[in-house]
Each structure stands twice: as structure tokens, then as C-alpha cells.
Amino acid sequence: MIDRIASLGRTGLDVIASLGRSGRFLVGTLAGVPQPRVGLPLLIRQLYSVGVLSLAIIIVSGLFIGMVLGLQGFTILSDYGSEAAIGQMIALTLLRELGPVVTALLFAGRAGSALTAEIGLMKATEQLSSMEMMGVDPLRRVIAPRLWAGFIAMPILALIFSVVGIWGGMLVSVEWLGVFEGSFWANMQSSVEFVDDVINGVIKSIVFGFVCSWIAVYQGYDCIPTSAGISSATTKTVVYSSLAVLGLDFVLTAVMFGNF
Amino acid sequence: MAQRTTEIIVGLFIIAGCAALLVLALQVSGLTPKSPGETYTVYARFNDAGGLTPRGKVSMAGVTVGSIREIVLDKDTFQAVVAMEINATVDTIPTDSSAIIRTSGLLGEQYIDISVGADEASMKQGDAFYSTQSAMNLERMISNFASGR
Chain A
112 MIDRIASLGR TGLDVIASLG RSGRFLVGTL AGVPQPRVGL PLLIRQLYSV GVLSLAIIIV
172 SGLFIGMVLG LQGFTILSDY GSEAAIGQMI ALTLLRELGP VVTALLFAGR AGSALTAEIG
232 LMKATEQLSS MEMMGVDPLR RVIAPRLWAG FIAMPILALI FSVVGIWGGM LVSVEWLGVF
292 EGSFWANMQS SVEFVDDVIN GVIKSIVFGF VCSWIAVYQG YDCIPTSAGI SSATTKTVVY
352 SSLAVLGLDF VLTAVMFGNF
Chain B
125 MAQRTTEIIV GLFIIAGCAA LLVLALQVSG LTPKSPGETY TVYARFNDAG GLTPRGKVSM
185 AGVTVGSIRE IVLDKDTFQA VVAMEINATV DTIPTDSSAI IRTSGLLGEQ YIDISVGADE
245 ASMKQGDAFY STQSAMNLER MISNFASGR
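Heads up: the protein sequence lines correspond to chains A and B, in order. Numbering of the first sequence is given in our numbering, commencing with residue 112 and proceeding in unit increments. Numbering of the second sequence is given in our numbering, commencing with residue 125 and proceeding in unit increments.
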């Protein structure tokens with residue numbers, strides 16, 4: 112009985128210690144003078160694998176989500192005779208909520224899990240410790256480019272998602288369901304504010320990118336260096352990133368759109 | 125993959141992101157790179173300003189001619205004083221025109237509509253509308269109707 116309570120306490124302390132390690136890890140990765148000649152090629156290679164290779168899933172998901180929004184929205188709005196407001200509905204939904212959040216979830220699933228597995232495998236095959244032996248800081252050489260690539264790629268992916276989604280929604284509403292194109296764009300332009308909606312969406316995607324990349328690289332760096340450990344770390348990345356994104360989304364929405 | 129090809133593709137990716145931001149700014153949110161232009165301020169006093177907000181629309185014959193700058197309460201007469209910025213090109217508003225608060229659509233936002241009068245003199249900077257009509261109050265209308273007018 113006492114053992115169970117003790118193990119509960121130990122688990123709690125383990126979680127807190129893990130949070131502390133992740134904080135020190137972040138500071139160790141981001142601190143220090145950047146060296147453009149060595150760092151920039153690494154960053155570009157990571158941007159390619161994290162950002163460009165995620166484009167396929169982002170564009171296809173954006174297109175289908177935009178099309179579904181157009182279809183469902185039209186069905187609901189036609190009950191009130193306000194089909195012309197479909198553009199406004201699609202744009203605001205995508206820019207404020209779905210764009211940043213769905214992109215972050217897809218990013219965590221595709222790029223986050225790939226980052227965790229790669230770093231975890233490097234740790235399991237002792238590559239990180241042999242780098243330290245040679246005097247190369249693995250945080251600066253391996254982790255930092257991946258972290259920065261995640262920070263930079265997420266907002267770009269979220270913007271592309273929103274644009275493709277709006278285009279997909281336009282395709283369904285204007286071309287297939289017959290909404291008048293002029294009022295589609297006019298209603299959208301009059302109700303979407305650049306600073307309040309577009310920029311707030313970009314801020315959200317920057318925060319989500321920070322959180323997803325940090326969780327992904329930390330889980331890889333901190334995993335148990337066995338194959339079971341790597342698989343458990345990859346799962347934890349996706350689960351924790353998704354929960355963090357959804358929780359932060361509520362907080363950010365309350366702050367930005369809550370009118371308090 | 126060669127380093128040069130990777131760099132080019134990543135550059136295109138970043139350009140695509142910036143292009144997406146530009147599309148969202150210009151096409152979706154209707155941000156126009158026009159300068160605000162010259163305006164002059166006129167005032168209107170209402171008994172009930174209703175749901176008017178700063179930056180609301182001021183229109184005449186359905187055409188937007190300006191925007192609301194601010195709404196303050198006059199502590200002596202307990203009326204709402206609305207300051208409006210009208211485009212300098214619209215400088216022939218007769219001095220006996222009236223400012224009416226209307227609602228755009230059934231659930232839409234409220235805006236100020238200027239109904240032209242017949243005077244020859246025009247409103248200038250700092251003038252006030254002497255004839256105004258307050259926002260339509262749904263509860264008052266319903267209670268008038270229910271109590272048999």
C-alpha cells in the first residue's frame with residue numbers, strides 16, 4: 112500500500128524532472144552564437160525535410176477541409192437564406208481556427224514523429240555521444256537546426272493550408288453550388304480583418320510550431336535508447352503535441368477573440 | 125539530393141508562404157493599399173446610439189462616405205455624441221440633413237445613414253446634424269404593440 116503511494120509520488124516527481132530537463136534542453140539548444148557558415152546548410156536541409164515534404168499532406172488536407180466547409184456550410188446557411196455568407200464562414204473558420212490547429216496536428220503527426228524517431232535512433236546508436244566525444248555539441252549541430260526548421264516551417268504551412276482551403280471552398284460554393292461569385296468575395300472581404308484574423312492566425316501557428324517542435328526534439332533526445340523506447344517516444348510526441356496544441360488553442364482564442 | 129537543389133526548393137517553399145500571406149491580405153481580407161485621404165469631422169447627437177461602434181460605416185444613398193471616429197456621452201444632456209469622419213470629396217451635404225441609425229440586414233451591424241435635406245448651405249468641419257433619429261429599439265416597439273399602441 113505504502114509502495115503504491117510511493118510509486119505515485121515518484122511518477123509525479125519524474126514528470127516534473129522531465130519538464131525541468133526539457134527546459135534546460137531548450138535553453139542549451141537556443142543559446143549560443145549562431146554560426147551561419149556551418150548552421151545555414153544544416154537548417155536548409157532540415158527545412159526541406161520538415162517543411163517541403165509536409166506540403167503534400169497539408170495541401171491535400173487543406174483542399175478537402177475547405178471543400179467540406181463549403182458543402183456543409185451551404186446546407187446549413189440555405190436554411191436561413193444566407194448562402195451569400197458562405198465565403199465569410201469559410202474564411203473566418205479557416206483563418207482563425209482550423210488553419211493553425213489542423214496544420215499543427217498534421218505537422219505533429221508527420222514531421223514531429225519523424226524528428227523524434229530520427230533523434231531517438233541517433234541516441235540509440237550512440238551517434239550523439241560520439242559527437243560529444245569529438246567535441247561537437249550535438250545540441251548545436253543536430254537538434255538546433257531541426258528546432259528552428261520547425262519554428263519557420265509551421266507558419267508557412269498554416270498559411271498555405273488556409274489559402275488552399277479557401278480556394279477549395281470557393282470551388283465548391285461558386286462552381287458547383289451556384290453561389291454568386293461577386294457576393295462570395297465581397298462578403299468575405301468585408302468581414303475578414305487582416306490584423307484581427309490573419310495575423311492572429313499566424314501568431315497561433317507560430318506558438319503551435321514552437322510547442323510541437325520542442326516536444327518532438329525533446330522526446331527524441333530524452334528517450335530510452337532501445338527500439339521500444341523510440342516507439343514509445345514517437346507516440347508520446349504525437350499525443351503530447353496534439354493535446355498541447357488543442358489546449359493552447361483554447362487559451363489563445365480566449366485571449367485574442369474573447370473581448371474581455 | 126544535391127545541396128543546391130535543396131536550397132532552391134526551400135527558397136521556393138518560403139516564397140510560397142509569403143505569397144500565401146499576400147493572397148490572404150489582399151484577396152481575402154480586402155486590405156487596400158490606399159491612403160486614407162482627407163476627411164472632415166461632423167457631429168450628431170442621439171438619444172440612443174444603439175449598437176454603433178467606432179470605425180462603423182457612415183453612408184448616404186447607400187454609398188459609404190465616411191466612418192465613425194468615436195462615441196462619447198454628453199454628461200449634461202445625457203445624449204450620445206457621435207463624431208464622424210466624412211470624405212473631403214463629399215462636401216455638399218445640406219445643413220438640414222438628418223442622421224439616422226439603420227441596421228444592415230436583419231442581424232447585421234448598425235450604421236449611420238445621412239438623409240439629404242434641402243438647404244443650399246453645406247456642412248463643414250465641426251458642424252453638427254440638428255435632426256437625428258435614434259436606433260430602433262425592438263423591446264420598445266414590441267411593448268408599444270402589445271399595449272395596444
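We treat Cβ as the ideally placed atom computed from N, Cα and C, and that holds for glycine.
> Whose C-beta lies closer than 6 Å to the C-beta of A/L124 among residues of the same chain, with five residues either side of it excluded?
Replying inline: none
> To the nearest angstrom, how far is it from the Cα of A/R121 to the Cα of A/M281?
Replying inline: 55 Å
>> Whole angstroms are fine: how far does the CA of B/T165 sit from the CA of B/Q249?
In response: 5 Å
> Which of helix, strand or coil does DSSP assign to B/M184?
Replying inline: strand
>> Would B/V187 pass as an interface residue toward chain A - the criterion being a Cβ-Cβ separation below 7 Å?
In response: no
> Given that a residue counts as buried once 16 or more other Cβ atoms are within 10 Å of its Cβ, and exposed if not, what is A/I116?
Replying inline: exposed
>> List, in chain order, every chain B residue whose beta-carbon is nearer than 9 Å to that of A/G162.
In response: V134, F137, I138 and G141
> Is the CB of B/E131 under 7 Å away from at least one CB in chain A?
Replying inline: yes
>> Just to make sure I have the definition right: I need the residues of chain A whose C-beta is within less than 9 Å of the C-beta of B/L197. Which are they?
In response: Taking a Cβ-Cβ cut-off of 9 Å, B/L197 has no neighbours in chain A, whose nearest Cβ is about 21 Å from it.
> Using DSSP with H/G/I as helix, E/B as strand and the rest coil, what is B/A252?
Replying inline: strand
> Of the choices A/V163, A/V274, A/E194 and A/L206, whose alpha-carbon is the least far from that of A/R221?
Replying inline: The shortest Cα separation from A/R221 among A/V163, A/V274, A/E194 and A/L206 belongs to A/V163.
> Excluding five sequence neighbours on each side, which residues of the same chain lie with their C-beta closer than 7 Å to the C-beta of B/T163?
Replying inline: G190, E209, I210, N211 and A212
> Are the region 157-174 of chain A and the region 136-144 of chain B touching, with three or more C-beta to C-beta distances below 8 Å?
Replying inline: yes
>> DSSP has B/V205 in a bridge; who is on the other side?
In response: B/R169 and B/V196
>> Between B/V182 and chain A, is the shortest Cβ-Cβ distance under 7 Å, so that the two count as touching?
In response: no
> Is it right to say B/G272 is buried, meaning 16 or more other beta carbons lie within 10 angstroms of its own, or is it exposed?
Replying inline: Answer is exposed; the Cβ neighbour count stays below 16.
>> Quick check: B/F170 and B/A204, are their CB atoms within less than 7 Å of each other?
In response: yes
>> Suppose you measure from the CA of B/S222 to the CA of B/R193; what does that come to, to the nearest Å?
In response: 18 Å
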